[in-house]
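Some notes on the structure that comes next.
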Amino acid sequence: MSNSKLISYTKISPNKTKSRKHSIDRITPHCVVGQLSAESIGNCFVSPTRKASCNYGIGTDGRVVLCVDEKDRSWCSSNSANDNRAVTIECASDKTAPYEMNNKVYNSLVGLCVDICRRNGKTKLLWIPDKEKALKYSPKSDEMLITVHRWFANKACPGDWLYSRLGKLAQQVTDQLSGSAVSDVTEKEESTQKAFKVKVSTKQLRIRKGPGTNYGLTGAYTGVGTFTIVEKRAGSGSAAGWGRLQSGAGWIALDYVTEL
Ligand SMILES: [Zn+2]
Numbered sequence: 001m002s003n004s005k006l007i008s009y010t011k012i013s014p015n016k017t018k019s020r021k022h023s024i025d026r027i028t029p030h031c032v033v034g035q036l037s038a039e040s041i042g043n044c045f046v047s048p049t050r051k052a053s054c055n056y057g058i059g060t061d062g063r064v065v066l067c068v069d070e071k072d073r074s075w076c077s078s079n080s081a082n083d084n085r086a087v088t089i090e091c092a093s094d095k096t097a098p099y100e101m102n103n104k105v106y107n108s109l110v111g112l113c114v115d116i117c118r119r120n121g122k123t124k125l126l127w128i129p130d131k132e133k134a135l136k137y138s139p140k141s142d143e144m145l146i147t148v149h150r151w152f153a154n155k156a157c158p159g160d161w162l163y164s165r166l167g168k169l170a171q172q173v174t175d176q177l178s179g180s181a182v183s184d185v186t187e188k189e190e191s192t193q194k195a196f197k198v199k200v201s202t203k204q205l206r207i208r209k210g211p212g213t214n215y216g217l218t219g220a221y222t223g224v225g226t227f228t229i230v231e232k233r234a235g236s237g238s239a240a241g242w243g244r245l246q247s248g249a250g251w252i253a254l255d256y257v258t259e260l
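Here our numbering is used: the first residue of the sequence shown is 1, the next is one more, and so on.
Right under this line is the structure:
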């Protein structure tokens with residue numbers, strides 16, 4: 001078991017149990033309740049009387065601190081069974097509900113989860129919002145499961161702000177692990193489209209700035225003739241979809257054309 005290369009600071013806590021007793025198949029993100037730096041999060045867990053720690057902390061500027069090696073069990077989630085199998089991450093947040101986290105912290109959390117999954121041989125991060133189902137679930141060998149502190153103690157952690165985004169977090173991390181981020185898929189679809197010719201019989205077919213009636217008019221019309229469409233998209237106001245003119249003039253509703 002290795003540690004993340006994304007760390008920018010290390011402050012090992014004495015509050016831990018050496019050598020976790022279960023392989024890593026969970027990630028438990030927490031809210032720190034304070035917009036603390038990575039250094040301050042590290043300092044929170046230095047005193048043995050605190051009896052608490054986390055594997056990683058994410059400071060308010062998105063920097064990551066290592067507090068407990070991944071091979072060791074942190075004391076973070078009020079649950080020995082969970083912390084023996086989870087990588088725990090304390091994230092800088094607001095001090096009051098819903099314990100909002102800023103973009104730098106959230107994006108850093110996405111990156112750290114991707115890294116943890118990769119190094120531990122996982123291709124999917126799962127979020128099962130139902131506590132009973134989630135805790136009963138046995139992740140497959142390539143699956144990582146998100147768990148939350150509020151399932152193990154009477155706490156709001158990780159706060160409603162992050163809790164309501166855990167589905168999105170799981171999806172983003174899984175997309176990055178599979179290398180098929182949504183934007184990549186869209187680009188591929190566009191580039192494999194073949195151009196085709198259409199016949200326009202109406203004199204005044206309007207040209208729009210985008211694929212849908214929600215886009216503005218360019219003020220131009222096609223006129224009667226044959227045109228080449230280089231891209232086709234679904235969009236509002238045309239059951240047949242929208243076509244982008246090769247000329248670069250804009251988009252026309254394919255409801256009013258005949259494909260040749
Ligand atoms: Zn917590």
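Built from N, CA and C at the ideal position, the CB exists for glycine as well. Values in this document were obtained by computation on a predicted structure and should not be read as measured data.
Under DSSP, the alpha helix (DSSP H) around residue i begins and ends at which residues?
i, result
"residue 100", "Element bounds for residue 100: n/a, residue is neither H nor E."
"residue 257", "Taken as a continuous stretch (DSSP letters only), residue 257 belongs to no alpha helix (DSSP H), being part of the beta strand (DSSP E) at 257-259."
"residue 137", "Here residue 137 belongs to no alpha helix (DSSP H), and DSSP marks it neither H nor E."
"residue 157", "Neither: residue 157 is in no alpha helix (DSSP H) and is coded neither H nor E."
"residue 37", "Neither: residue 37 is in no alpha helix (DSSP H) and is coded neither H nor E."
What would DSSP say about residue i, mapped onto helix, strand or coil?
i, result
"residue 246", "coil"
"residue 210", "coil"
"residue 5", "coil"
"residue 125", "strand"
"residue 75", "coil"
"residue 237", "coil"
"residue 191", "Any reading at residue 191 is ruled out, since the residue's pLDDT is 48, under 50, leaving its predicted position unreliable."
"residue 230", "strand"
"residue 96", "coil"
"residue 216", "coil"
"residue 182", "Summary for residue 182: the model assigns pLDDT 47, below 50, so the residue's position carries little reliability, and this model does not support an answer."
"residue 107", "helix"
"residue 150", "helix"
"residue 80", "helix"
"residue 165", "coil"
"residue 175", "helix"
"residue 115", "helix"
"residue 170", "helix"
"residue 133", "helix"
Which residue comes first and which comes last in the beta strand (DSSP E) that contains residue i?
i, result
"residue 202", "Note, residue 202: premise wrong, no beta strand (DSSP E); not H, not E."
"residue 268", "The chain is shown from 1 up to 260; residue 268 falls before or after that span and cannot be answered."
"residue 253", "251-253"
Mind checking who residue i pairs with in its DSSP beta bridge?
i, result
"residue 31", "91"
"residue 225", "200"
"residue 57", "65 and 90"
"residue 26", "86 and 145"
"residue 16", "74"
"residue 10", "66"
Around ligand 1, what residues have a beta-carbon under 5 Å from a heavy atom of it, in chain order?
Every residue passing the under-5 Å Cβ criterion appears here: 30, 149 and 157.
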